[in-house]
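One structure below.
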Amino acid sequence: MATEQDETVLAIQEEEKTSKPMAKGSLLQSVEAGLEITDDMKSSVFQIIEELKEEYEKDDSKKVSAAGVFRNPKRFMWFLAIFASIGGFLYGIDISLISGALLFMKVDLNLDTSQQSLVSSGMSLGGVAGALISMPVNELVGRKYSIIVACILYTAGAILEAAARNYGTMVAGRLILGAGVGLEAMTIPTYISECSQKRRRGGIVSLYQVLITFGILAGYVVNAIFVKVPGNWRFMMGSSLLFSTILLISAFFFPESPRWLMRKGRRVDAYATWLAVRGFNVEEEKIEFAIMEEVVIAEREASKDRFLYLDFIRIPYCRRAAIHGILMMVFQQFSGNNSMTYFLGTMYERAGLSAENSVYISMLGGGTMFWSTIPAIYLMDRFGRRPLLLILVPGVVAGLIITGFSFYAPTTTSLIVVYTIGVVSYYAFWGSALGPTPWVMNSEIYPTYIRSYGMSLGTLSNFLGNWITTYAFLQMLDAMTKPGTYVGFYGGITVIGWFYFLFFTPETKNLTLEEIKAVFSKTWMEIAKHNMEDFRYQWNKFWHKRRGRGEVGEQVQTVSS
Numbered sequence: 004m005a006t007e008q009d010e011t012v013l014a015i016q017e018e019e020k021t022s023k024p025m026a027k028g029s030l031l032q033s034v035e036a037g038l039e040i041t042d043d044m045k046s047s048v049f050q051i052i053e054e055l056k057e058e059y060e061k062d063d064s065k066k067v068s069a070a071g072v073f074r075n076p077k078r079f080m081w082f083l084a085i086f087a088s089i090g091g092f093l094y095g096i097d098i099s100l101i102s103g104a105l106l107f108m109k110v111d112l113n114l115d116t117s118q119q120s121l122v123s124s125g126m127s128l129g130g131v132a133g134a135l136i137s138m139p140v141n142e143l144v145g146r147k148y149s150i151i152v153a154c155i156l157y158t159a160g161a162i163l164e165a166a167a168r169n170y171g172t173m174v175a176g177r178l179i180l181g182a183g184v185g186l187e188a189m190t191i192p193t194y195i196s197e198c199s200q201k202r203r204r205g206g207i208v209s210l211y212q213v214l215i216t217f218g219i220l221a222g223y224v225v226n227a228i229f230v231k232v233p234g235n236w237r238f239m240m241g242s243s244l245l246f247s248t249i250l251l252i253s254a255f256f257f258p259e260s261p262r263w264l265m266r267k268g269r270r271v272d273a274y275a276t277w278l279a280v281r282g283f284n285v286e287e288e289k290i291e292f293a294i295m296e297e298v299v300i301a302e303r304e305a306s307k308d309r310f311l312y313l314d315f316i317r318i319p320y321c322r323r324a325a326i327h328g329i330l331m332m333v334f335q336q337f338s339g340n341n342s343m344t345y346f347l348g349t350m351y352e353r354a355g356l357s358a359e360n361s362v363y364i365s366m367l368g369g370g371t372m373f374w375s376t377i378p379a380i381y382l383m384d385r386f387g388r389r390p391l392l393l394i395l396v397p398g399v400v401a402g403l404i405i406t407g408f409s410f411y412a413p414t415t416t417s418l419i420v421v422y423t424i425g426v427v428s429y430y431a432f433w434g435s436a437l438g439p440t441p442w443v444m445n446s447e448i449y450p451t452y453i454r455s456y457g458m459s460l461g462t463l464s465n466f467l468g469n470w471i472t473t474y475a476f477l478q479m480l481d482a483m484t485k486p487g488t489y490v491g492f493y494g495g496i497t498v499i500g501w502f503y504f505l506f507f508t509p510e511t512k513n514l515t516l517e518e519i520k521a522v523f524s525k526t527w528m529e530i531a532k533h534n535m536e537d538f539r540y541q542w543n544k545f546w547h548k549r550r551g552r553g554e555v556g557e558q559v560q561t562v563s564s
């Protein structure tokens, strides 16, 4: 049987056959080898940038119109990230809207338990379809117009939901809306990642998850506003149309991703977008732009006449990145978040509250998730992806344990109090760890030429896991009991996830998208060995600081070195 090293050699040989050789001493080779970039290389880069600048200034049509409002590229990038992340808000608001609407919809439409499960999980099932079409749509029309297509699907689905007169129409609306959510969930994190600076990438991409949780909170608030209005659930389901319209209009003013433009050979357009969202005022930006061009050209040539999905099997570093991206989404979904959120109102009703009071108290859970996600914008790039997971995931498990055992409470009041404590504890830790990290890592771990394919795999895994856990939730409660579902199933899988994060999750903080390729070129055992060395170092450092002995040693080299 061939070893992984043999597979690596074969993959490299195959790439050498199909790819365009790069010039000796290229920027990319220097970066991947950890060598210093020479003055001659820098001079060549500056010359290329000047040539692109001259072409750009000759053609006013290349200029990004919306960027003229902002003199500072950093401000424009944040503006772009905030408005693009409205897609996350749409995802979140639908999750919580159905939680409240289902309490009243099931009566009006006469839904049984299995029908309630499909209505609740229908968005996730549609999201699977959206994830499947996301790759070809992104490759064909780009990130910008993929977002526009997603908005159109979402809007059409929301109209069907609000106007539904029977079970079939409601399910159709849920599926169409879900397809839009699945498409934008793959596209927007990738788009933001490809436009943002490496030192801010984690925080900016985390904004997408923050907007998801803000959408969840907003959905609970909307439910509370309309709970006493006749036809309440129709207003709840239709309220998201306002926000999908905002995103649809604003998307027409977005610039296209510079990496996608470069892949299509539109160098001057790529320069224009980079100038608008990143600028060329510092040497680092010019060099990173040139490296991006080298990578895109080489990988574009390598991908000619090949079925790119096979690279996730054939090339070891692509395979490891795909496995990691999928597992991150699996552990996120099978920690039980969406099951808990979709049916939060239902669980409070089963605990003994009225439908109206169930809607009101659900806002507490949504608010906790939102406020706990905000620190991730700072923490993600300050402390890294892996440390957040290792520190906060045990709190997620504790929240699941409290939630599960709350059903042993002797009275309705004590059950509701303990259940609420468990839910709040769960969301408080989940929001800064398992919420944003899978999206951030999936947006940054894949090579440029298959990033759309890789992100679609991650998004597909997310929505498939979402649908499985949501559709089966009510049946699981009956078959496994409530403590068995929360503690045994969700808690057990989350514990397994923590050990995966400990041993096999590499740190990608402050790495360029190209440097991350080098990280996943290491074997799993090399990654695990480094992670354990780093864990021991950090533990000793913490312990010695507590005992007043100061710092210990030099930090372990990163996997990518």
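Here the sequence shown stands for residues 4 to 564, where the numbers follow the numbering used here.
A virtual CB, placed ideally from N, CA and C, is assigned to each residue, including glycine.
It should be emphasised that the depicted structure is a prediction, and the values quoted were computed from it without experimental measurement.
Sixteen is the threshold: since fewer than 16 other Cβ atoms of the shown chains lie within 10 Å of the Cβ of Arg78, the residue is exposed. For Val232, no alpha helix (DSSP H) segment is defined, and its DSSP state is neither H nor E.
Counting other Cβ atoms within 10 Å of its Cβ, Lys61 stays below 16 and is therefore classed as exposed. One thing to note: Thr276 has its Cβ no nearer than 8 Å to the Cβ of Met458. For Ser242, same chain residues with a beta-carbon under 6 Å away, outside a window of 5 residues either side, are Val225 in chain order. In the structure shown, Asp43 adopts helical secondary structure according to DSSP, grouped into three states.
Going by C-alpha positions, Ala175 is about 27 Å away from Glu142. It is roughly 57 Å from the alpha-carbon of Val420 to the alpha-carbon of Glu296.
When only Cα atoms are considered, Val110 and Ala475 end up about 21 Å apart.
Between the alpha carbons of Gly125 and Ala132 lies a distance of about 11 Å. Counting only the Cα atoms, Asp481 lies some 14 Å from Thr473.
Proximity to Phe283 across Pro509, Phe92, Gln50, Asn445 peaks at Gln50, based on C-alpha coordinates.
Contact between the region 215-224 and the region 87-102 is present, with at least three C-beta pairs closer than 8 Å. With contacts defined as CB atoms closer than 8 Å, Ala254 and Leu460 fail to qualify as a contacting pair.
At least 8 Å separates the beta-carbon of Ser47 from that of Thr158.
In the structure shown, the three-state DSSP call for Val285 is coil.
Residue state for Gln200 is assigned as coil, using DSSP reduced to three classes. If you ignore the 5 residues before and after Phe315, its C-beta comes within less than 6 Å of the C-beta of Cys321, Arg322, Ala325, all in its own chain and listed in chain order. Membership of Lys147 in the alpha helix (DSSP H) is indicated by the continuous run 116-166. By the Cβ neighbour-count rule, Pro139 is exposed, with fewer than 16 other Cβ atoms within 10 Å of its own.
Between the region 526-537 and the region 375-385, the count of C-beta pairs closer than 8 Å stays below three; the two stretches do not touch. The region 491-511 makes contact with the region 388-396: 3 or more CB pairs, one atom from each, lie closer than 8 Å. Restricting attention to alpha helix (DSSP H) runs no shorter than 4 residues, the region 308-345 encloses them at 314-317, 319-336, 340-345, ordered along the chain. Between Leu356 and Arg204, the alpha-carbon positions lie close to 43 Å from each other. Annotation for Thr349: the continuous alpha helix (DSSP H) segment containing it runs 347-354. Between Ile364 and Tyr351, the gap from beta carbon to beta carbon is short of 8 Å. With respect to Met239, Ala104 sits close: the two C-beta atoms are nearer than 8 Å. Here Met535 is exposed, its C-beta having fewer than 16 other C-beta atoms within 10 Å. Boundaries of the alpha helix (DSSP H) harbouring Val522: 518-522, taken from the DSSP string. Shown here for Glu447: same chain residues with a beta carbon closer than 7 Å to its own, the five before and five after excluded, namely Ser196, Arg204, Thr511, Leu516, Ile519 in chain order. A straight-line Cα-Cα distance of about 10 Å links Ser209 and Asp384. The alpha carbon of Ile496 has as its nearest neighbour, out of Ile404, Val152, Trp236, the alpha carbon of Ile404. With a cut-off of 8 Å on Cβ pairs, the region 461-469 is in contact with the region 172-189, counting three or more such pairs. If you look at Glu359, you'll find it in the alpha helix (DSSP H) that goes 358-376.
Excluding the 5 residues flanking it on each side, Trp374 has no same chain C-beta neighbour closer than 6 Å.
If you look at Val280, you'll find it in the alpha helix (DSSP H) that goes 270-280.
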